[in-house]
Amino acid sequence: MNSSRTLPYIFSVLIIPLCIVAQESPKAFTGAKIIPVSGNPIENGVIIIQNGKIQSVGSTGVIEIPSDAEVIDVSGKVIMPGLVDTHSHIGEGDGGDKSSTTHPDVRILDAIDPKSDTFKKAIAGGITTVNVMPGSGHLMGGQTVYLKLRKDANTINDMLFCDDVLNEICGGLKMANGTNSLGKAPFTGTRSKSAAVIRQLFIKAQEYQKKIIDANGDPDKMPKRDIEMETLVEVLEGKRIVHHHTHRADDIMTVLRLKDEFGFKVVLHHVSEGWKVAKEIADADVPCSIIMIDSPGGKLEAVNLIYKTGAELEKAGVDVAFHTDDWINDSRLLIRSAAFGVRAGMSERKALESLTLAGARMLGLDNRIGSLETSKDADFIILSGDPFSIYTNIEQTWVEGEKVFDLSDPEDYKYHTGGYEIFRGDFQYTHFCEGVE
Amino acid sequence: MKNIFTLSIVTVLVSVVTLYSQIAVKGKTIYTMSGEPIQNGVILIKDNKIEQVGNENQITIPDGYRIIEGNIVTPGLIDAHTVVGLSGIYNYNHDQEQLEKSDAIQPELRAIDAYNKNDKLVDYLLSLGVTTVHTGHAPGALASGQTMIVKTHSESFTDYVIDSVSMVAFTLGSSIRSNYEKPGTRSKGVAMLRQEFLKAIEYGEKISKNEDDKKPARDLRMETLLKVLNGEIPALFSVNHAVDIMAALRLAEEFKLKLVLDGVSEAYLIIDELKKYNFPIILHPTMVRTYGDYKNASFETAANLHKAGFKFALQSGYESYVPKTRVVLFEAAMANAYGLPFENALASITIDAAELLGISNLVGSLEPGKDADIVIFDNNPFEYTSHVCKVIVNGKLVKEECF
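Written out as C-alpha cells, the structure is:
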C-alpha cells in the first residue's frame, strides 16, 4: 500500500479523537422524563454527559451531580436516544453506475457532500446516526456508510462512524431484489436470473476467500488484490452486514435462501410483505428495517404495504427498526413512522426501540449508540412531550455531547419548517440507473 | 313462481332496509362545522340524509333507529384536489390515466372517461374517512384535462358522481418540460396558453354568428376553453413558484378566468397580491416533498395563510411513485401541528373544501338535509395514533373497523 496516500487519512483520523478528548466540564440535564430504551422510562430523571459520552443516567436524587457540572433544567421535557436511521439517501451521494448490476467495490462515502442541506433535515428530525445507502437500481448498488451527524462537519472524515476508513469496515453492502433492479443488460431481466447472478458472484468470492486461507499468510501465494472480492469476503466473514432491499414475500424468501447458502449477516429492508412471512423471518432470526408510507402502491411490490407490518413482525418476535428511506419519507418525520406502527398495534416500547436501539443493532453499532447508558455516546434528543404525539416537537438534538440542533435558534428553526431557499431541492435520485428508491 | 316472486320482493326490501336503515350517531364531541362543536351530541340519519343534529337532551331517538356510538364525530372528509381513480395503485401503464402526453394542451379530456371507482386507492382513502374527492387530470401539462367530484363509496357505476365536470386543470412551471417537448420554458408555456385562449375567443365569435353555413366545425378543445372563458368552468391553475402564481393572476385578469389557485407553495412571498385578487386557494399537501417547484414549501404555510386572513382547502395532490397518494387527513393534521388552529385544519378538509368546490349544499358539514357522510374517530382525528373507526356515506355504514 502506498504510504504517502494513507498519511492524510491517518492524520485526519488522529485529529478527530484529539478534539473530543479536550477536557470539558460535565453537563447534567435534570427534570426530564428519560426514555433510556435499554430500561424503563425514568419520570424525573438526570442524565450526565462529559467528553461526548454518557456518564450516568438515573432518577433525580439517586444520581449524584458533580459539583463542576453545568446543570441544564429540562423539566417537563422528554429525553430519548438520538434516532438511528437504518436506511437513507441523504447526502447527495451516488453508487454504482450502468456498467454492471453488481458494484461491491463502490463506496458511497467517496461521493457524499457533507454540506448537503439534507443532513440539516435529518438533525431537525432527531436523527444522529444514519446508514446512507446507494439505491436499489442494482442487485448490488455499492457499500453503504454509517455516519454520525456531528456538529460543523466539514469533510466526510468528520462524519464517519468509523475511525479509519482504510482499515475498518465503515458501512454495509447494499443489495436489492424484486423489480427495482431489473432492466436491460448488463442488468438482470428476471428474478431467477437475479438470484443466479448473486449466487455465482458469492461462489467466486468463496473461491477467492479459499485462496487467501490456503495462502496462510504467504504473500507469494496470495491472490491478486481485487476490491470487489475483498468486500465480498468481508461479507462472507460476517464482518460487513448486507442491507437488502426486498418487498414481496417471495423476494424476502429468496434473500433468506441466499443467507442460508452463504452465511452472511443480513438486514431485510422495506419488507412490505413481511407480515405475510413473519414466522419465516423470525425462524431465520433476521432483523427487519421497515418503511411506513402514507398509502400502499406506487409499484406492484408495495401494493400490500400497510401500517401493520411492524406490529405483525413484533408479534412474531422479529427485531424491527423503522427507516425514512429519505427522500421517500422526510428525515424530519422519522418518529411519525414509528407512531403509525403504534397506531397499527405495535407496543410503544418496541416502537421506541425501533427508532433507536434496534437500528443500532442492525448496523452493528449498539455497543456505542441506541440507548442512554453509561459510557455510550452522548447522542440524544430533547422533545417537548410524548414522542408519539403529532404535537410534540424535537427541541434539541445532541451528538457526542454537542448540541447540533436547537429549535429556539432561528437558524435551526428554518430546517424544522422549510421555506424560501432553505432546501436546495435539486437532488432526487438522479443517480439511479433503472429503478428508484 | 309466485313464491319466488314474493321472496325476491322480501329480499329486496330487506336489503333496502340494510342499506338505508335509520341510524342515530351518538358522539361525545360532534364537530358539525356549522357552529360550535356539540358535546354529547346526536345525529339522526334517515335514508341518505341527515335528519337532525343536536345535543342528546334535545333529540329523541325514534324507535327502530340503529344506534352507533363514538368519541369524535366529524363530517365525511373532502379531498379538494387529488388524482385517485385516474392515477392507479399499481403505477403500471394500464392504470395511469392522469396525464396524456401527446399534447401539452388538452382541456377536452374528461375525467369521467378515465375515473376507475374500483381502484384500491379510492377505497383506501374511504377507510381513512375521505368520502368526497375532487379528482381528475394531473398537474404537469399546460392544460391536462378536466376534473370531477365523486363520492368514494358507490353501489353502482353511476351513483358516485357529484359533478362530472368540475374544473379544467392547468399547470405553469418547470414540471411541464419534463413531460412535453414544447413548451421548454415558463414564458413559452404562458404564450402558448394565451394563444389558445385567443383562438377559443375567435371560435366563439364564429359560433355565435347566425349564418349556419359559416359556423366552424365542432371542436371539443375550443368548446371546453370557451366554457372556461365564459366562467362556466373554473380554471384550476397548479402554480407553485411565485413567478408562476403571478403569471396565473395575469392570465386570469387578461381572460377574466374564474381562477382557482392550486399548490401555491410560495404564496407567502406574495400575500398582498393574493389578497388583492382573493381567488380561492387549494393549498399543497403540507408534507409535499421539497423538490422541484415545491422546493420552497414550508410546513407552516397553512398557518401563515390563515394568519393573513385566507380561507383555503387542503389537498392530497399528485404523487408519481411511493406513496401513490397522500391522505388529506394526515396533511391537515400536520398543518395543525405546525400552527393552523384545529378547527381551521378540520374546515380545510370539510366545509371550506365543500364551499370552494361549490358542493356545500350537499356535503362538508353536519346539518339537516345534507348527505349523511360521517366519520367517527376514537380520539383526536389528527393524532398519529388515533383511528378512523366508522365511516358512513350517504347514510350507509361502509367502514366499521378501526384503521
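Respectively, the protein sequence lines represent chains A and B. All residue numbers for the first sequence refer to our numbering, where the first residue is 37 and numbers rise by one. All residue numbers for the second sequence refer to our numbering, where the first residue is 6 and numbers rise by one. Glycine residues also receive a C-beta, built at the ideal position from the N, C-alpha and C atoms.
In terms of Cβ geometry, Gly178 of chain B and Asp298 of chain B form a close pair [threshold 7 Å]. In this structure, the beta-carbon distance from Met153 of chain B to Ile117 of chain B falls below 7 Å.
Out of A:Gly225, A:Phe376, A:Glu431 and A:Asp104, the CA that lies nearest to the CA of Tyr449 of chain A is found in A:Glu431. Across the structure, Ala302 of chain B and Glu56 of chain B are spaced so that their CA atoms are roughly 42 Å apart.
A residue is called buried once 16 or more other Cβ atoms fall within 10 Å of its Cβ, and Thr163 of chain B, having fewer, is exposed. In the three-state reduction of the DSSP assignment, Arg182 of chain B falls in the helix class. In the DSSP assignment, Met227 of chain B falls within the unbroken alpha helix (DSSP H) covering Leu225 to Leu234. Contact with chain B is found for Phe424 of chain A, since one of that chain's Cβ atoms lies less than 7 Å from the residue's Cβ.
Contact fails between the segment 380-390 of chain A and the segment 145-165 of chain A, because fewer than three Cβ pairs, one in each stretch, are under 8 Å apart.
Measuring C-alpha to C-alpha distances from Lys193 of chain B to each of B:Ala109, B:Tyr208 and B:Asn123 identifies B:Ala109 as the nearest. Using a Cβ-Cβ cut-off of 7 Å, Phe459 of chain A counts as an interface residue toward chain B, since at least one Cβ of chain B sits closer than that to its own.
By the CB criterion at 7 Å, Ala308 of chain B and Ser353 of chain B fall outside the cutoff.
Rounded to whole angstroms, the Cβ separation of Gly253 of chain A and Leu272 of chain A is 19 Å, and the two are not in contact under 8 Å. Taking the CA atoms as reference points, Ala414 of chain A sits about 27 Å from His305 of chain A.
The beta carbon of Asp376 of chain B sits closer than 7 Å to the beta carbons of Asn53, Lys54, Leu367, Val368 and Asn399 from its chain, once the five residues preceding and following it are set aside; these are given in chain order. At least one CB atom of chain B sits nearer than 7 Å to the CB of Leu336 of chain A. The DSSP-derived three-state label of Glu271 of chain B is coil.
Selection B:Cys407, B:Ser365, B:Ser391 and B:Val403 evaluated against Ser39 of chain B yields B:Ser365 as nearest (Cα-Cα).
Approximately 19 Å separates the beta-carbon atoms of Asn403 of chain A and His279 of chain A; this is outside 8 Å, ruling out the contact. Within the same chain, and ignoring the five residues on either side of Ala347 of chain A in sequence, the residues whose Cβ sits closer than 7 Å to its Cβ are Gly377, Ala380, Gly381 and Met382. Pairwise C-beta distances place the segment 331-338 of chain A in contact with the segment 123-133 of chain B, as three or more of them are shorter than 8 Å. In the DSSP assignment, Thr176 of chain B falls within the unbroken beta strand (DSSP E) covering Val173 to Thr176. According to the DSSP assignment, Asp277 of chain B belongs to no beta strand (DSSP E) but to the alpha helix (DSSP H) extending over Ile276 to Tyr282.
Under the 7 Å criterion on CB atoms, Glu388 of chain B is classed as interfacial with respect to chain A. In this chain, Ala318 of chain B is not harboured by any alpha helix (DSSP H); it is covered by the beta strand (DSSP E) spanning Phe317 to Leu319. In this structure, the beta-carbon distance from Ser325 of chain A to His123 of chain A falls below 7 Å.
Scanning chain A for C-beta atoms nearer than 8 Å to the C-beta of Pro328 of chain B yields Ile329, Asp330, Ser331, Pro332, Gly333 and Gly334, reported in chain order.
Residue-level contact by beta carbon fails for Thr122 of chain A and chain B, as no gap is shorter than 7 Å.
Asn341 of chain B: not part of any beta strand (DSSP E); member of the alpha helix (DSSP H) spanning Val333 to Ala342, first to last residue. Rounded to whole angstroms, the Cβ separation of Gly112 of chain A and Val93 of chain A is 18 Å, and the two are not in contact under 8 Å.
In this structure, the beta-carbon distance from Phe441 of chain A to Asp153 of chain A does not fall below 7 Å. Secondary structure remark: continuous alpha helix (DSSP H) runs of at least 4 residues inside the segment 80-133 of chain B, in chain order: 125-132. Assignment of Glu74 of chain B by DSSP, reduced to helix, strand and coil, places it in the strand class. Neighbourhood of Thr453 of chain A in chain B, by CB distance below 8 Å: Ser303, Phe304, Glu305 and Tyr343, in chain order. Judged by DSSP in its simplified three-state form, Ile364 of chain A adopts coil rather than helix or strand. An exposed status is given to Tyr282 of chain B, since fewer than 16 other beta-carbon atoms sit within 10 Å of its beta-carbon.
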